[in-house]
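First to last, the protein sequences are chains A and B. Heads up, the first sequence is in this note's numbering, so the first residue is 1 and it goes up one at a time. Heads up, the second sequence is in this note's numbering, so the first residue is 1 and it goes up one at a time.
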Amino acid sequence: MNKTDALIIGAGPTGLFTAHQLKLIGLNCEIVDNLDKIGGQCIELYPDKPIYDIPAVPECTGEELTNNLINQLKPFDIKFHLNERVDELKKENDNWIVKTNNGTVFSTPNVIIAGGVGSFEPRKFPVKECENFENKSVFYSVKNKKIFEGKTVSIFGGGDSALDWAVELSNTSKVNLIHRREDFRGAQATVDKVLKLSEDGKINLFTKYQMSSIKGQKELESIDIKHDNKEIETLKTDYVLGFFGLIMQLGPIANWGLNIDKKTVEVDTEKFETNQKGIYAVGDICSYPGKLKLILSGFHEGALAARACFKLARPNEKYRFEFTTSSKTIKDRLGIKGD
Amino acid sequence: MAKITYITHDNQNHTIEVQNGLSVMEGAVQNDIPGIDADCGGGMACATCHVYVNDNWFDKIPSKEDGEEDMLDMAYEPKKNSRLSCQIIVSDELDGLTVNIPSKQG
Numbered sequence: 001m002n003k004t005d006a007l008i009i010g011a012g013p014t015g016l017f018t019a020h021q022l023k024l025i026g027l028n029c030e031i032v033d034n035l036d037k038i039g040g041q042c043i044e045l046y047p048d049k050p051i052y053d054i055p056a057v058p059e060c061t062g063e064e065l066t067n068n069l070i071n072q073l074k075p076f077d078i079k080f081h082l083n084e085r086v087d088e089l090k091k092e093n094d095n096w097i098v099k100t101n102n103g104t105v106f107s108t109p110n111v112i113i114a115g116g117v118g119s120f121e122p123r124k125f126p127v128k129e130c131e132n133f134e135n136k137s138v139f140y141s142v143k144n145k146k147i148f149e150g151k152t153v154s155i156f157g158g159g160d161s162a163l164d165w166a167v168e169l170s171n172t173s174k175v176n177l178i179h180r181r182e183d184f185r186g187a188q189a190t191v192d193k194v195l196k197l198s199e200d201g202k203i204n205l206f207t208k209y210q211m212s213s214i215k216g217q218k219e220l221e222s223i224d225i226k227h228d229n230k231e232i233e234t235l236k237t238d239y240v241l242g243f244f245g246l247i248m249q250l251g252p253i254a255n256w257g258l259n260i261d262k263k264t265v266e267v268d269t270e271k272f273e274t275n276q277k278g279i280y281a282v283g284d285i286c287s288y289p290g291k292l293k294l295i296l297s298g299f300h301e302g303a304l305a306a307r308a309c310f311k312l313a314r315p316n317e318k319y320r321f322e323f324t325t326s327s328k329t330i331k332d333r334l335g336i337k338g339d
Numbered sequence: 001m002a003k004i005t006y007i008t009h010d011n012q013n014h015t016i017e018v019q020n021g022l023s024v025m026e027g028a029v030q031n032d033i034p035g036i037d038a039d040c041g042g043g044m045a046c047a048t049c050h051v052y053v054n055d056n057w058f059d060k061i062p063s064k065e066d067g068e069e070d071m072l073d074m075a076y077e078p079k080k081n082s083r084l085s086c087q088i089i090v091s092d093e094l095d096g097l098t099v100n101i102p103s104k105q106g
């Protein structure tokens, strides 16, 4: 059981800055995120896209913003639990007991949901029967590439994941690469590699095709792919990999008894607390009159939620507002020596 | 102002007057048309506002930028007439535009 003053769900910019605010006022916290890396939407959806409306930062990319926020947390010791999704939450006396899908358990008076638009899950094939083969012969990520050795693998998608795996697996497997159009959005160098491997007969390339059906009783036998001109091609295959990016799902949060409207959680604007005491929502996932889905609003919301956490985490202490420019206590927490 | 018709997957027509300058996505979200989720809020960073544009209209609306085509790779059952509705800005010229919403997003 991990005991902490506050648990933050979501390691996007809002979650990171909320952690900073909690540590500044002397509370500890841990952060859980379903992705395998820190940064949330900024790193997953637009790492290279410039952002122009962060105060005092004329221009930065999603990746730069994330790195700066991580740097800002350097003075502090914060435990990240990546690749974990918060599944269950229940009240036990004054604390919330929170469980993740990996079995990690937290006990905390404060849970701050900084979940963006929910947790990222792989986008799946529209062909419903693919579910029957999921995690047996249909995969949306590669955990153990050894299983593909000497087998036929049909890879769908046109981005870096699809192309990288097509190149990699073409060494040891028979690879079909199927994409809905002729242009690929992966890195040009990888696209060139794929085209070369296709010329050399190492990758069977099918462009302007999408999956139309999947066949097999217990074992996957073949898939049908359909060209834009409606012609159908049947491919015998042992495995199918789909790389269509990620989609955001509200997930288990929907079952926690919170007031939810249009995938967002209602909060007050003093503490950013939900209808459940000790559960807060900040950033894109919260809603209140006038809510703007801007990163800067998330920072403000996190700062106020952090102060609210203080009351529940230190019921016998009085919170004192202090500036980082003048407070000795805060400078100590930041590890800044004398002045 | 333009009248935009959204046809949901259950074949229900929803015709709505949308102000110039708003996107077809915003017109749907503000009027609670089901099936346009717009998770990223119009940043061309998801594909949950995906629509099929009626063939008569497809060539009349401004064409796609590269980034939009990339995102459409991730849409649910993309077709030749697929667009992201956040990238279609409403103007008087779009009066009568009809879009179909896929049976699900993502």
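No residue lacks a Cβ here, since even glycine has one placed at the ideal position from N, Cα and C. Just so it is clear, the structure is predicted and the values come from calculations on it, not from any experiment.
Open item on the list: Taking only three categories from DSSP, how would you classify H9 (chain B)?
Closed with: Sequence index remark: in the second sequence, residue 9 (chain B) carries index 9 (1-based). It is coil, neither helix nor strand.
Open item on the list: Which residues does DSSP list as the beta-bridge partners of I178 (chain A)?
Closed with: As a position in the first sequence, residue 178 (chain A) is number 178, starting the count at 1. According to DSSP, I178 (chain A) bridges with A:F156 and A:F206.
Task: Beta-carbon proximity check, L163 (chain A) vs V117 (chain A), cutoff 7 Å - done: Taking the first sequence and counting its residues from 1, one reaches residue 163 (chain A) at position 163. Taking the first sequence and counting its residues from 1, one reaches residue 117 (chain A) at position 117. L163 (chain A) places its beta carbon 7 Å or farther from that of V117 (chain A).
Task: Where the alpha helix (DSSP H) through R307 (chain A) begins and ends - done: On the first sequence, residue 307 (chain A) is found 307 positions in, with the first residue counted as 1. It spans I295 to A313 - the alpha helix (DSSP H) in which R307 (chain A) sits, taken as one unbroken run.
Task: Minimum Cβ-Cβ distance from R320 (chain A) to chain B less than 7 Å - done: For the purposes of this step, residue 320 (chain A) is taken as residue 320 along the first sequence, with counting starting at 1. Chain B, which has no Cβ nearer than 7 Å to the Cβ of R320 (chain A), makes this no.
TODO: With 9 Å as the limit, tell me which residues of the stretch 229-255 of chain A have their beta carbon closer than that to any beta carbon of chain B; keep them in chain order.
DONE: Here the close residues are F244, G245, L246, I247, M248 and Q249.
Task: Buried or exposed (CB count within 10 angstroms, at least 16 for buried), A19 (chain A) - done: The residue you call residue 19 (chain A) lines up with position 19 of the first sequence. Buried, by the Cβ-count rule.
Task: Contacts of Y76 (chain B) in chain E (Cβ-Cβ under 7 Å) - done: The structure shown contains no chain E; its protein chains are A and B.
Task: Neighbour flag for R123 (chain A) against chain B, beta carbons, 7 Å - done: Here residue 123 (chain A) is taken as the residue at index 123 of the first sequence, counted from 1. Yes, contact with chain B.
Open item on the list: Using CA atoms only, rank isn't needed, just tell me which of B:H14, B:M25 and B:N13 is closest to R83 (chain B).
Closed with: Position 83 of the second sequence holds residue 83 (chain B). Minimum Cα distance to R83 (chain B) is reached at B:M25.
TODO: Return the CA-CA distance between Y140 (chain A) and L177 (chain A), expressed in angstroms with no decimal places.
DONE: Taking the first sequence and counting its residues from 1, the one referred to as residue 140 (chain A) is at position 140. Taking the first sequence and counting its residues from 1, the one referred to as residue 177 (chain A) is at position 177. One Cα belongs to Y140 (chain A), the other to L177 (chain A), and the distance between them is close to 14 Å.
- [ ] Keeping to the same chain, check which residues put their C-beta closer than 7 Å to that of I330 (chain A); ignore five residues upstream and five downstream.
- [x] Position 330 of the first sequence, counted from the first residue, corresponds to residue 330 (chain A). Leaving aside the five residues that flank I330 (chain A) on each side, the residues in its chain whose CB is nearer than 7 Å to its CB run, in chain order, L24, E322 and T324.
Task: Any chain B beta carbon closer than 7 Å to L45 (chain A) - done: Within the first sequence, the letter at position 45 stands for residue 45 (chain A). Closer than 7 Å: yes.
Open item on the list: Comparing C-alpha positions only, which one of A:D228, A:E221 and A:F243 sits nearest to T234 (chain A)?
Closed with: Looking up residue 234 (chain A) in the first sequence gives position 234. When only C-alpha atoms are compared, the closest one is A:E221.
Open item on the list: Which residues does DSSP list as the beta-bridge partners of N2 (chain A)?
Closed with: Residue numbering aside, residue 2 (chain A) sits at position 2 when the first sequence is read from its first letter. Paired residue(s): A:F106.
Open item on the list: Under 8 Å: do the stretch 76-85 of chain A and the stretch 1-9 of chain B share three or more Cβ pairs, one atom per stretch?
Closed with: Contact annotation: the stretch 76-85 of chain A does not touch the stretch 1-9 of chain B, with fewer than three C-beta pairs closer than 8 Å.
TODO: Assuming K143 (chain A) and S170 (chain A) form a contact by the criterion Cβ under 8 Å, report the distance between their Cβ atoms to the nearest whole angstrom.
DONE: Stepping through the first sequence from its first residue, residue 143 (chain A) is reached at position 143. Stepping through the first sequence from its first residue, residue 170 (chain A) is reached at position 170. About 19 Å; that fails the 8 Å criterion.
- [ ] May I ask which residues mark the beginning and end of the beta strand (DSSP E) holding S198 (chain A)?
- [x] Position 198 of the first sequence, counting from 1, holds the residue named residue 198 (chain A). Careful: S198 (chain A) lies outside any beta strand (DSSP E), inside the alpha helix (DSSP H) at Q188 to E199.
Task: Pair within 7 Å by beta-carbon distance, K6 (chain A) and C286 (chain A) - done: Residue numbering aside, residue 6 (chain A) sits at position 6 when the first sequence is read from its first letter. Residue numbering aside, residue 286 (chain A) sits at position 286 when the first sequence is read from its first letter. It should be pointed out that residue 6 (chain A) corresponds to Ala in this sequence rather than to Lys. Not a contact, by the Cβ cut-off of 7 Å.
Task: Cut-off 6 Å between Cβ atoms - residues of its own chain near F58 (chain B), not counting five sequence neighbours on either side - done: As a working note, residue 58 (chain B) is residue 58 in the second sequence. Closer than 6 Å at the Cβ level, and outside the excluded window around F58 (chain B), lie N81.
Task: Min CB distance G96 (chain B) to chain A below 7 Å - done: Numbered from 1 along the second sequence, position 96 holds the residue referred to as residue 96 (chain B). No, G96 (chain B) lies away from the interface with chain A (no Cβ there is under 7 Å from its Cβ).
TODO: Apply the 10 Å Cβ neighbour rule to S261 (chain A) and answer buried if 16 or more other Cβ atoms are within range, or exposed otherwise.
DONE: Taking the first residue of the first sequence as position 1, residue 261 (chain A) is located at position 261. For clarity, residue 261 (chain A) is Asp in the given sequence; the question names Ser instead. With fewer than 16 other Cβ atoms inside 10 Å of its own Cβ, D261 (chain A) counts as exposed.
- [ ] Specify the secondary structure class of W165 (chain A) as computed by DSSP and reduced to three states.
- [x] To locate residue 165 (chain A), count along the first sequence from 1; it is residue 165. Correct three-state label for W165 (chain A): helix.
- [ ] With a cut-off of 8 Å on the beta carbons, I'd call Q41 (chain A) and A303 (chain A) a contact; round off their distance for me.
- [x] As a position in the first sequence, residue 41 (chain A) is number 41, starting the count at 1. As a position in the first sequence, residue 303 (chain A) is number 303, starting the count at 1. That pair is no contact at about 20 Å.
Task: Identity of the residues DSSP links to C60 (chain A) by a beta bridge - done: Position 60 of the first sequence holds residue 60 (chain A). Under DSSP, C60 (chain A) shares a beta bridge with A:I51.
Task: Rounded C-alpha distance that separates R333 (chain A) from T264 (chain A) - done: Numbered from its first residue, the first sequence carries residue 333 (chain A) at position 333. Numbered from its first residue, the first sequence carries residue 264 (chain A) at position 264. Taking C-alpha positions only, R333 (chain A) is separated from T264 (chain A) by approximately 34 Å.
Task: CA-to-CA distance, N93 (chain A) to K128 (chain A), given in whole angstroms - done: Counting from 1 along the first sequence, the entry for residue 128 (chain A) is found at position 128. Counting from 1 along the first sequence, the entry for residue 93 (chain A) is found at position 93. Spanning the two alpha carbons is a distance of roughly 44 Å.
TODO: Would you verify that the beta carbon of T293 (chain A) is, or is not, closer than 7 Å to some beta carbon of chain B?
DONE: Position 293 of the first sequence, counted from the start, is the residue given in the question as residue 293 (chain A). For clarity, residue 293 (chain A) is Lys in the given sequence; the question names Thr instead. It does; some Cβ of chain B falls within 7 Å.
Open item on the list: Between which two residues does the beta strand (DSSP E) holding I97 (chain A) run?
Closed with: Start at 1 with the first residue of the first sequence, and residue 97 (chain A) comes out as number 97. Element bounds for I97 (chain A): N95 to T100.
TODO: Measure the beta-carbon distance from G159 (chain A) to G245 (chain A) and round it to whole angstroms, keeping in mind my assumption that it falls under 8 Å.
DONE: Within the first sequence, numbered from 1, the residue matching residue 159 (chain A) stands at position 159. Within the first sequence, numbered from 1, the residue matching residue 245 (chain A) stands at position 245. Indeed, because the Cβ distance is near 7 Å, the residues count as touching under 8 Å.
Task: Uninterrupted alpha helix (DSSP H) stretches inside the stretch 2-74 of chain B (no shorter than 4 residues) - done: Listed in chain order, they are 24-30, 55-58 and 66-72.
TODO: Please check the pair L94 (chain B) and I61 (chain B), which I expect to be a contact at CB under 8 Å, by giving their CB distance rounded to whole angstroms.
DONE: As a first step, residue 94 (chain B) is located in the second sequence; it is residue number 94 there, counting from the start. As a first step, residue 61 (chain B) is located in the second sequence; it is residue number 61 there, counting from the start. L94 (chain B) to I61 (chain B), Cβ: 7 Å. Contact.
- [ ] Please compile the residues from chain B whose C-beta is within a distance smaller than 7 Å of the C-beta of R180 (chain A).
- [x] As a working mapping, residue 180 (chain A) is identified with position 180 in the first sequence. The contacting residues are D73 and P78.
Task: Entirely enclosed beta strand (DSSP E) segments - the stretch 211-297 of chain A, minimum 3 residues - done: Counting only runs of 3 or more, we get 222-227, 232-236, 239-242, 246-249, 264-266 and 279-281.
Open item on the list: Can you check whether the C-beta of V117 (chain A) is within less than 7 Å of a C-beta belonging to chain B?
Closed with: In the first sequence, residue 117 (chain A) corresponds to position 117, counting from 1. Judged by the 7 Å Cβ criterion, V117 (chain A) is in contact with chain B.
Task: Residues sharing a beta bridge with D33 (chain A), DSSP - done: Reading the first sequence from its first residue, position 33 is the one you call residue 33 (chain A). D33 (chain A) is bridged to A:L82.
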